[in-house]
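**Q**
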C-alpha cells in the first residue's frame with residue numbers, strides 16, 4: 070500500500086500522494102541546490118502538461134532504446150551484457166542532451182538472465198540476431214487456440230503449467246508442478262512438495278536463483294546510474310511501471326498477431342471473456358510497479374488496436390472496453406497511464422476521448438497519427454505528445470528536424486497539455502538530428 | 037453455387053464455405069473454377085481493404101479460408117497448370133537484422149492471389165543471399181520488408197548489392213513496413229514503397245508494367 074490510509078483516499082487524493090512522492094524522490098541526494106531545483110522544475114512542467122495546463126516550457130521527453138548505447142559506440146550486445154558500460158553511456162546521454170525525463174533501466178535488458186533461463190520468445194545479439202541488432206520477438210502461438218478455458222479458470226496456473234514451460238526452456242519442469250491454490254491443509258502439503266525434491270525441478274530452481282542474481286546485478290548498476298542522473302542533473306523519471314491492453318496481452322505474446330485476429334472470428338466470446346479476466350491482472354501489474362518505484366506513471370505500449378489492425382467497430386467493441394477498464398483501474402489508484410500509441414490512431418480518436426475517463430489523468434504519446442486531429446480531439450481531455458518520426462531522426466538532416474519540431478509545436482502545443490517526444494523508441498539516430506530535436510523543443514517550446 | 041461460394045468467402049463465413057465447397061464438388065464442379073471463385077472472393081476482400089471497409093484481420097481470415105478451400109480442391113486438379121494468368125515471380129524477404137514476418141507474409145499472400153509467383157526468402161536475410169536468389173530466379177520484382185529502423189540500412193545495402201550485381205535485366209525493388217515512407221524510399225534507393233499490402237500489389241503491378 071502506498072500510504073497507510075490508502076483505502077480511505079479518493080482517486081484524486083491518491084494522485085496527489087503519488088505526485089508528492091515523485092517530487093520528493095526517496096534515496097536521491099541532490100548534489101547541488103541547482104540540481105534539486107531543476108528536478109522540481111521539470112516535475113512541475115510535466116505535471117502542468119499532464120493536468121492540461123501550460124507549463125513554463127514544453128517538456129522535451131524523447132523515448133530512447135539503444136540510442137544512448139550507440140552514441141557511446143557500444144553494440145547492442147554490449148548494451149545487453151555489459152551493464153557498467155551501458156550505465157556510463159546512459160549518463161553521457163543525459164549529460165549531452167539534457168532531456169526533461171530520464172531514460173532509465175527500461176532502455177536495456179539483462180540478457181545474462183535470459184541466457185540462464187533459455188528464454189525462447191526473443192532473439193537477441195549472440196542468440197539469433199547479430200551484435201548490432203536489438204532484441205526481437207519470435208512470433209508464435211505460445212498459447213494454443215483451445216486453451217482459453219484453461220486460462221480463464223486460473224490464469225496463474227495457466228501461466229505456470231503451459232505458458233512458461235513453452236517460453237523459457239528452464240521452466241519446462243513447471244508443467245509438472247501443482248498450482249499454489251492446492252496448499253490448503255496439512256495432508257495436502259506433502260504431495261505439493263514432492264516434485265520440488267526431484268532433480269529437474271531443483272535444477273530449475275537453481276537456474277531461477279542464478280537468473281535472479283543476474284537481474285539484480287543489472288538493476289543495481291542501472292538504478293545507481295538513474296539516481297546519479299537525478300541527483301546531478303535533476304532529471305526525473307517519467308515512468309514507474311508498465312502494463313498492457315488485455316487484447317495486446319493476448320495478441321502480442323500469447324496467441325500472436327495472426328492467431329488473435331483469427332480468434333476474433335472463431336472464438337470471439339472466449340476472447341472477450343479472457344480479456345475481461347485479464348483486466349484486474351493488468352491493473353495490478355501497473356500498480357505494483359508504481360508502488361515500488363514511487364512514480365505516478367505507468368507506461369502502456371498499444372499495438373494491435375492501431376488503424377488497419379481492427380475495424381472501427383471492433384476497436385470500439387473489442388479492443389477499447391478492456392483497455393478502458395485498465396486505464397480506469399490505474400486512475401482509481403492515482404496512477405497516470407502513459408499510453409504509447411504505436412502506428413496510427415487516426416480512426417480511434419473519437420473513441421479514446423471517452424467521457425468516463427477523467428480529464429488530465431492520462432498521457433497519450435503518438436507516432437504516425439495526425440497531430441492536428443489529436444489536438445482537436447484531445448484538447449481539454451488529455452495530455453498528448455510524441456510524433457517526431459524515427460525515420461527523420463535517422464536519415465533526415467538537422468535542419469529538417471528543427472523545422473519539423475518547430476511546426477509541430479506551432480500546430481499543436483499552443484493550448485498546453487503537450488509533451489514533445491519521439492514517435493518510436495529511438496535505437497538509431499544521427500546525433501546531430503537528435504540534438505536538433507532537443508534544441509528546437511527547448512527553443513520553440515518556450516515561446517508557445 | 038459458385039457465386040454463393042464467393043459470397044460466403046467474402047463474408048468470412050468459414051462453415052458455409054466448407055459446406056458450399058463440398059456441395060460444389062459433389063455436384064461435379066470443376067476444381068479450377070472453385071479455386072477461381074476463391075481468388076475472386078479474396079480479391080473482393082482486398083478491394084474492401086483498399087476502400088477502408090475491411091482490415092488486416094479480414095485479409096488474414098480470407099487468406100486462411102482460401103488456403104482451406106485450396107487444400108480441399110487442389111488434389112483434384114489435373115496435373116496441368118492452373119489456368120490463372122501468371123504475372124511473373126517476385127522475390128520477397130525481410131532484410132538483415134529484422135525478423136518480423138507478418139507484414140511480408142500478408143503482402144506475399146495478396147501478391148500470390150493477384151497472380152504473381154512468390155519466392156519468400158524469410159526473415160533476417162542478408163543482401164548477398166537476396167542477390168544470389170535474384171540471380172537464380174530472375175524475378176520481375178524484389179520486395180523488401182522491415183519493421184525496425186535498423187532495416188533502413190539493410191534495405192539500402194540490399195538495393196545497392198542488387199544494382200551492383202550486374203543483373204540483366206535488373207529487377208525493380210519495392211520496400212514496405214511500418215516505418216517506411218517516401219523519405220526512407222529515397223534513402224534506400226528503392227523504386228517504390230507501399231504503405232500496406234494492397235498498395236504493394238498495385239505497386240508490384242505498376243513496377244512490372246502490369247497495372
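Chains as they are written, first to last, in the numbering used here: chain S, 70 to 517; chain C, 37 to 247.
C-beta: ideal position from N, C-alpha, C; glycine also.
1. Residue 456(S) bridges to which residues according to DSSP?
2. Could you pull out every residue in the same chain whose Cβ sits closer than 6 Å to the Cβ of residue 190(C), ignoring the five residues on either side in sequence?
3. Quick check on the DSSP output: what are the complete beta strand (DSSP E) runs of length 3 or more inside the region 131–191 of chain C, in order along the chain?
4. Extract the residue ranges of the alpha helix (DSSP H) inside the region 377–431 of chain S, only unbroken runs of 4 or more that lie entirely within it.
5. Residues of chain S with CB closer than 7 Å to the CB of residue 220(C), please, in chain order.
6. Does the beta-carbon of residue 225(S) have 16 or more other beta-carbons within 10 angstroms, so that it is buried, or is it exposed?
7. With a threshold of 7 Å between beta-carbons, can residue 234(C) be considered close to chain S, or not?
8. Can you give me the start and stop residues for the alpha helix (DSSP H) that residue 369(S) sits inside?
9. Please go through the same chain and pick out, in chain order, the residues whose beta-carbon is closer than 7 Å to the beta-carbon of residue 427(S), but skip the five residues on each side of it.
10. Work out the CA separation of residue 331(S) and residue 219(S) for me, nearest whole Å.
11. If you measure from the beta carbon of residue 494(S) to each beta carbon in chain C, is any gap under 7 Å?
12. What span of residues does the beta strand (DSSP E) with residue 192(S) cover, start to end?
13. Quick check: is the beta carbon of residue 92(C) nearer than 7 Å to any beta carbon in chain S?
14. What residues from chain S crowd round residue 96(C), counting only those whose CB sits closer than 7 Å?
15. Under 7 Å Cβ-Cβ, which residues of chain C neighbour residue 379(S)?
16. Determine the contact status of residue 137(S) and residue 114(S), defining contact as a CB-CB distance below 7 Å.
17. Given residue 302(S), which residues of its chain have a CB within under 8 Å of its CB, disregarding the five upstream and five downstream residues?
18. Return helix, strand or coil for residue 304(S), following the three-state DSSP convention.
19. For residue 269(S), does the count of other Cβ atoms within 10 angstroms reach 16, so buried, or fall short, so exposed?
20. With DSSP run on the structure shown, which of helix, strand or coil describes residue 528(S)?
21. Taking residue 229(C) as part of the beta strand (DSSP E), name the residues at either end of that continuous run.
22. Cutting at 7 Å between CB atoms, please list the residues of its own chain near residue 203(C), excluding the five before and the five after it.
23. So, do the region 307–325 of chain S and the region 353–361 of chain S have three or more beta carbon pairs nearer to each other than 8 Å?
24. Pull up the distance between the alpha-carbon of residue 25(S) and that of residue 510(S), whole angstroms please.
25. In chain C, which residues lie with their C-beta within 9 Å of the C-beta of residue 412(S)?
26. Can you tell me which of the three DSSP states residue 299(S) falls into?
27. Rounded to a whole number of angstroms, what is the C-alpha to C-alpha distance between residue 39(C) and residue 52(C)?
28. Whose C-beta lies closer than 6 Å to the C-beta of residue 398(S) among residues of the same chain, with five residues either side of it excluded?
29. Are the region 237–254 of chain S and the region 326–344 of chain S in contact at 8 Å, needing three or more beta carbon pairs?
30. Restricting to Cα atoms, I'd like to know which of 110(C), 57(C), 159(C) is closest to residue 198(S).
31. What are the boundary residues of the alpha helix (DSSP H) that includes residue 210(C)?
32. Using a 10 Å radius around the Cβ and a threshold of 16 neighbouring Cβ atoms, would you call residue 19(S) buried or exposed?
33. Only counting runs of 4 or more residues, tell me where the alpha helix (DSSP H) segments fall wholly within the region 121–146 of chain S, in order along the chain.
34. What does DSSP give as the partner residues of residue 124(C) in its beta bridges?
35. Whole alpha helix (DSSP H) runs in the region 230–279 of chain S with 4 or more residues, listed along the chain?
36. If I measure Cβ to Cβ from residue 485(S) and keep anything under 8 Å in the same chain, skipping five residues before and after, which residues do I get?
**A** Let me spell this out:
1. Per the DSSP secondary-structure output, residue 456(S) pairs in a beta bridge with 490(S).
2. Excluding its 5 nearest sequence neighbours in each direction, residue 190(C) has C-beta neighbours in its own chain below 6 Å: 131, 132, 133, listed in chain order.
3. With a minimum length of 3 residues, the continuous beta strand (DSSP E) runs that stay inside the region 131–191 of chain C are 152–156, 177–181.
4. Counting whole runs of 4 or more residues, the region 377–431 of chain S contains the alpha helix (DSSP H) stretches 389–401, 418–421.
5. What residue 220(C) touches in chain S, judged by beta-carbon distance under 7 Å, is 460, 464, going in chain order.
6. Here residue 225(S) is exposed: its Cβ has fewer than 16 other Cβ atoms, across all protein chains shown, within 10 Å.
7. No, because no Cβ of chain S sits closer than 7 Å to the Cβ of residue 234(C).
8. No alpha helix (DSSP H) contains residue 369(S), which is instead part of the beta strand (DSSP E) from 366–371.
9. These residues qualify, in order along the chain: 400.
10. Rounded to whole angstroms, residue 219(S) to residue 331(S) spans 19 Å at the Cα level.
11. With 7 Å as the cut-off, residue 494(S) does not count as an interface residue toward chain C.
12. 191–194 is the extent of the beta strand (DSSP E) around residue 192(S).
13. So yes, residue 92(C) belongs to the interface.
14. By Cβ distance, chain S contributes 327, 330, 331.
15. Within 7 Å Cβ-Cβ: 91, 93.
16. In this structure, the beta-carbon distance from residue 137(S) to residue 114(S) does not fall below 7 Å.
17. Same-chain partners within the cutoff: 104, 107, 163, 164, 167.
18. DSSP places residue 304(S) in coil when its eight states are reduced to three.
19. Around the C-beta of residue 269(S), fewer than 16 other C-beta atoms lie within 10 Å, and the residue is accordingly described as exposed.
20. Nothing in the structure corresponds to residue 528(S), since chain S is present only between 70 and 517.
21. Note, residue 229(C): beta strand (DSSP E), 228–230.
22. Hits under 7 Å: 170, 171.
23. Verdict: yes, contact present.
24. The displayed coordinates of chain S run from 70 to 517. Any statement about residue 25(S) would go beyond what the structure contains.
25. What residue 412(S) touches in chain C: 214.
26. Note: residue 299(S) maps to helix in three-state DSSP.
27. Approximately 13 Å between the Cα atoms of the pair.
28. The answer, listed in chain order, is 352.
29. With the cut-off at 8 Å, the region 237–254 of chain S and the region 326–344 of chain S do not touch.
30. Ranking 110(C), 57(C), 159(C) by CA distance to the CA of residue 198(S) puts 159(C) first.
31. If you look at residue 210(C), you'll find it isn't in any alpha helix (DSSP H); it sits in the beta strand (DSSP E) that goes 209–212.
32. As displayed, chain S neither begins before 70 nor continues past 517, which places residue 19(S) out of reach and without an answer.
33. Taking 4 residues as the minimum length, the alpha helix (DSSP H) runs contained wholly in the region 121–146 of chain S are 136–140, in order along the chain.
34. DSSP output for residue 124(C) lists 152(C) as bridge partner(s).
35. Residue ranges of uninterrupted alpha helix (DSSP H) with 4 or more members, entirely inside the region 230–279 of chain S and ordered along the chain, are 233–236, 255–262.
36. Cβ within range, chain order: 117, 118, 121, 122, 123, 124.
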